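*Asks:* My structure is below; once you've seen it, I'll send some questions.
Numbering (the working numbering), first residue to last: 1 to 265.
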């Protein structure tokens, strides 16, 4: 984050951590309600509505919720959805850190779908008289299905407001030294406690979010930050992704990572 944005001490400033969201409960009905909103986003499914609507309402919302709810039940925490729990935890920790360095800065978190909802958080920021807003989608790399979708949802909330704060949105930060250092520190801390899996014949597994390959081929979309174009990615010269054993490093092998999807770090 640039310090310039936070230097105006007189202006009440906010950092908004924003993610797509999660069902409120690991139940079939709650998952159905979540998916009906999530999959209705034209950013996520770039099909004509007349073609997509029958698929969504006639097939997906009838068959997927029960299966997805069962998966959520396996990872659900006593406090709630892991995505929401850890996002709120990160927001609290960042708020504490910002209070020490920039007392005029508040940190909020919101979900496009689910709770804490964008509507609730935008209303809270207005009550707090926030004048400057830094929006940070919790996706290190930009994609229309993620970061742009979050921006759309936020802009929709501000359509209802007569007073909009000065706004800045982080586009991506996958290659920012601080982000890479944070990944490195977390991995090394885990290794220090549990040992390096590679020394015992194991592997370090990294999960990649992906977007359809067809999306990257459309006009106006670029893949500068695609892991497929960075086969020798290092994390702080500590962890070479090539050692992990993913299928990313030979011509035409990107498709092996799943369903013609481009992996993003």
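A virtual CB, placed ideally from N, CA and C, is assigned to each residue, including glycine. Keep in mind it's a predicted model, so treat the numbers as computed, not measured.
1. Of all the options 14, 16, 12 and 38, which has the alpha carbon lying nearest to the alpha carbon of residue 114?
2. Assess, as a yes-or-no matter, whether the stretch 119-126 is touched by the stretch 48-57 under the definition of 3 or more beta carbon pairs within less than 8 Å.
3. Helix, strand or coil for residue 22 per DSSP?
4. Quick one: what does DSSP say residue 14 is sitting in, helix, strand or coil?
5. Please classify residue 43: does DSSP put it in a helix, a strand, or coil?
6. Find out if the Cβ-Cβ distance for the pair residue 98, residue 17 is shorter than 7 Å.
7. What's the gap between the Cα of residue 163 and the Cα of residue 131?
8. Would you be able to state if there are at least three C-beta pairs under 8 Å between the stretch 186-195 and the stretch 146-158?
9. In the DSSP assignment, what residue or residues form a beta bridge with residue 137?
10. Which whole-angstrom value is the C-beta distance of residue 28 and residue 65, which I expect to be below 8 Å?
11. Quick check on this structure: which residue in 180, 134 and 104 has the alpha carbon closest to the alpha carbon of residue 171?
12. Assuming the contact rule is C-beta atoms closer than 8 Å, residue 91 and residue 109 should be a hit. Round their C-beta distance to whole Å, please.
13. Which same chain residues end up closer than 8 Å to residue 12 when comparing Cβ atoms and leaving out the 5 residues on each side of it in sequence?
14. I'd like the list of long-range same chain contacts for residue 157, defined as Cβ closer than 7 Å, with 5 residues on each side in sequence excluded.
15. Could you pull out every residue in the same chain whose Cβ sits closer than 8 Å to the Cβ of residue 94, ignoring the five residues on either side in sequence?
16. Which same chain residues, not among the five before or five after residue 139, have their C-beta less than 6 Å away from its C-beta?
17. Quick one: Cα of residue 180 to Cα of residue 58, how far?
18. Is residue 77 helix, strand or coil by DSSP?
19. Tell me whether the beta-carbon of residue 23 lies closer than 7 Å to the beta-carbon of residue 34.
20. Quick one: Cα of residue 79 to Cα of residue 88, how far?
21. Looking only at DSSP bridge pairs, what is residue 107 linked to?
*Replies:* So, from the data block:
1. 38
2. no
3. coil
4. strand
5. coil
6. no
7. 9 Å
8. no
9. 18
10. 5 Å
11. 134
12. 4 Å
13. 104, 106, 128, 129, 130, 131 and 132
14. 118, 119 and 122
15. 15, 17 and 107
16. 146 and 147
17. 43 Å
18. strand
19. yes
20. 11 Å
21. 15
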